[in-house]
């Protein structure tokens, strides 16, 4: 209860972890500036700005932001985008100084490790960041900077430039630089903008003085290879021996996209707030519960009664499968801790556990309590797997049902699942292990389909459901989707369940599960094992693996698909065999797929490879995903399992309601799309525009065509209450292609109202955004665009192809020459940035990392566009020429954080506090009332009906399992009813320790034999316990001894000869000697049962008799394995040659000796006396 409260309270205080972003418009508030910034050296706040250094020689100073920047993620290797803008001035010496026009040395925006401090002797050209021992590119520096250098140091600065702006990596020597136009701008305020695109690794630096022309510099640089995961950001300045110059920072804005850790201050505040509320609430709850417990503890203790005798306890602890108590599994899994979690799926999580009483490791499958159909999944899996016994199936150990939670316990597989080796980070499996695994899966399938008591269809065979033991033995698992099949029906129509990519076409189309559909899934797994790649590519609905293998098979190059991770270390015959078997099993025609037994023989190289028809895969392998989704609507279980993204259920509404009580914080819009495909649902398309091969094709290559592609979420451009305007930056790559080199008309990045659609007749120079009635500046248009115009329309275009900035019109406010004639078909990179403080829009573009072109304009977007806008691209062709416009990638980042205005935020914060108090009080009241009510119900229930059987638990789920699973515990009344009160006419036989009766179980509709052990028989309790333990232990598939083979040999001889192994009343065993004697004489067929009247196959009779003698070899080391026996009986292996002295010594001791030796074991006496 307390843990549930803690979880609920945590949902009320979500830990909103944001990317790093701030906007300091000035530093006039000294207290705030001191809290937000850290200063070193000369740096200080004065007169509303930061003075980085004093007017003096050899001075340094640094100012850095107080919180770190999460630059890149070490686990996902994701690198952040960022943009930073700042205003600065560089003040020279006093006007009467002889060095008035001499500046030195400059300042830099930099990123460095968190513990970085100003090095000694770092004045002058080192900018306070390097010194003599570090300034020439030591990788350990871990330093990145953009320098505004005002003094030429000939040792490392460019000789052709007196002043420069440079991009530096671990060194004072710039890797890219351009002229810094500081002459004539001393003392003037400069505006700088630095943007970084993590996708293209492109860094762009632009600056201007007092709104004059903008200068730019760009460089491709991977910051994750230079800097650590977390860095500090700031400014550093220095003067040298030539001049005393002052460097000042007047404003600073920074925005990043990668989520960062919370600051210590915020984290401590939140922790303190949570602790206070939780402590208060928990204290009250604990106090009330203690009182309640003390009052009713004695009454509950009296009512609880455990009527299980020591016999039942012994059986429960030792036998398999068994029902576990919930607290046993909690203890075994360390309270289901995350470090014990082995994996999770659409319906469950799996934990590693350790059973202290048996000293064995187990895997505990915890089926989600809120999963749709979870109870059916649980019951289905227990019913089926408790019937199954095979070495290639995971051993079922037990189960548990606790309230609304369901648990299954299996043997622990230390090597995990197959998919982690084929597609994960584990080492590649060697070929012999892979081949053994494939054969093991086929063997498991053969057992499920042919050898189990009732045919079982697994319906979810995939690499993730194949577990590996310590020696990489195969263990097939997860029978939650399995189905028992009526043997009279070949196929049965069911709801479609399983995993897309592994499902057979006829199953997807018609919902008919069959043995053949399981074989299809096995074929997919076989190809995955051989090729080391998934059946489908992530994010795509088709299944390329089968087609790929089939194509190379048809071409005669099938070995080319072998997993490269094997480094050609595989048996070519086995590889060919596995690949052809995989294709054979995935035949679209289910009637031509093999049986599991045929697969096994081919894999064991006992049968020839099949000849596959060359038109086998000429038609589509699988239907579309739409059909798949439609087909499984009939199955509530499949909906939860096939789709990992679970839907909401009714009991989740309470959590949804609690979230709506809190303010809905809408984050700034930012996204990064490296590849476009239809299923992402991130972009909407109109007109010709479609996703194509990972890109957006805005229009088709034809005349008079139009296409739009817009992002699905709106951009909050400005706030109507505060008038705050967002900064934004967007980067995208594109190509414009046309074989004839005659292009028209271009494309545009644009912003428009949310409901904006393609106007009629908007092709050609209208670029799909205007038409003849709107193209000349109608205010109601509300359209802003940056156009990349490839065709000159004299009515409104300048006399050249151009890049233009447009407001509500086709006529550009400002433009620059668009140099694309020599770059048709080349990938172009564009960057558009907007500074809300200066209202400056900057556009830059370059072709294949060549020189960058720029364009800038001051524009207030609030006067053009509404508060919320859509952003996207539009392209068009005209009646004369045409081109193909393609967008390859798109990155966007804005800074306006929330839909709420500052006034609304304050109101909502107040409301939030009131809501929290009300919710906490309500929770407390509900918990107290619920606790008392719950305890009262328990008392009433246990007064009326005590829990008689912990195995059945009194619940419908447990009752269902108890009746359906095998073996199960019966109530005495059930057996009495089944045998008519153990009447004499139902008695089948009587032995030394008990009697056997014929019975009929009405709930199962089956006849059974009931063995009733005499209560007064010596050690009857031990006999009973021992027999149950051993039978259950054998059901786990662990008995395979030479003594069992001997017993089988005796039975084989009895079958062939029609006589007992011993004569009644005699203690010797003549049957084996008799058969052996005639075998030696060459007259073995004379022992055949006379009742057959010689109506038998002589080869089969000879085979069975010789196998019987082979199995009864007195030397246990020379007896065959069961697999050898099967092959001989199936006439697949030759008859063994038996040595003629094999039975020269006595076969068995006398019966008297046998009885003397067995006195210590009462069960043996009872079984021998019963004739068993």
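Numbering (mature numbering (1 follows the signal peptide of the UniProt record, and there is no 0)), first residue to last: -19 to -1, 1 to 1153.
Note that the Cβ used here is the ideal one computed from N, Cα and C, for glycine as well.
- At a Cβ-Cβ threshold of 7 Å, residue 516 and residue 482 count as neighbours.
- Closest in alpha carbon position to residue 858, among 1052, 977, 367, 744, is 744.
- A distance of 7 Å or more separates the beta carbons of residue 748 and residue 797.
- One Cα belongs to residue 1097, the other to residue 1024, and the distance between them is close to 8 Å.
- The Cβ-Cβ distance between residue 305 and residue 366 does not fall below 7 Å.
- Residue 498 has its alpha-carbon roughly 46 Å from the corresponding atom of residue 968.
- In this structure residue 129 is in contact with residue 161, their Cβ atoms being roughly 6 Å apart against a cut-off of 8 Å.
- Residue pairing by DSSP places residue 266 in no beta bridge whatsoever.
- Taking C-beta atoms as the reference points, residue 13 and residue 108 fail to come closer than 7 Å.
- By the C-beta criterion, the segment 1029 to 1040 is judged to be in contact with the segment 1080 to 1092, since at least 3 inter-stretch pairs fall below 8 Å.
- One alpha carbon belongs to residue 435, the other to residue 489, and they sit about 24 Å apart.
- Distance from the Cα of residue 233 is smallest, within the candidate group 261, 272, 729, 171, for 171.
- Excluding its 5 nearest sequence neighbours in each direction, residue 590 has C-beta neighbours in its own chain below 7 Å: 558, 561, 583, listed in chain order.
- Under the 8 Å Cβ criterion, the segment 59 to 66 counts as touching the segment 175 to 186, having at least three qualifying pairs.
- With fewer than three CB-CB distances shorter than 8 Å, the segment 804 to 823 does not count as touching the segment 846 to 854.
- Less than 7 Å separates the beta-carbon of residue 303 from that of residue 379.
- Under DSSP, residue 985 forms no beta bridge with any residue.
- In the DSSP assignment, residue -1 falls within the unbroken beta strand (DSSP E) covering -1 to 5.
- Within its own chain, no residue has a Cβ closer than 6 Å to the Cβ of residue 326 once the five positions on either side in sequence are excluded.
- The Cβ atoms of residue 74 and residue 225 sit closer than 7 Å to each other.
- Annotation for residue 427: no beta strand (DSSP E) segment contains it, though the alpha helix (DSSP H) segment containing it runs 412 to 427.
- Nearest to residue 151 by alpha-carbon distance, out of 569, 204, 136, is 204.
- Between residue 789 and residue 807, the alpha-carbon positions lie close to 30 Å from each other.
- Only buried fits residue 393, as 16 or more other CB atoms lie within 10 angstroms of its CB.
- Annotation: residue 72 is outside any alpha helix (DSSP H); the continuous beta strand (DSSP E) that includes it extends over 63 to 72.
- Taking residue 391 as reference, the option from 334, 425, 676 with the minimal CA-CA separation is 334.
- Between residue 99 and residue 43 the beta-carbon gap is near 6 Å, inside 8 Å, which marks them as a contact.
- Checking the DSSP bridge columns, you'll see residue 227 partnered with 72.
- For residue 557, the enclosing alpha helix (DSSP H) has its first and last residue at 553 to 566.
- Sixteen is the threshold: since fewer than 16 other Cβ atoms of the shown chains lie within 10 Å of the Cβ of residue 988, the residue is exposed.
- The alpha-carbon of residue 92 is positioned some 25 Å away from that of residue 650.
- By DSSP's assignment, residue 39 forms no beta bridge with any residue.
- Of all C-beta pairs linking the segment 764 to 779 to the segment 705 to 725, three or more are shorter than 8 Å, placing the two stretches in contact.
- Within the DSSP bridge table, the entry for residue 545 names no partner.
- Within a 10 Å sphere around the beta-carbon of residue 220 sit 16 or more other beta-carbons, which makes this residue buried.
- Rounded to the nearest angstrom, the gap between the Cα atoms of residue 174 and residue 183 is 14 Å.
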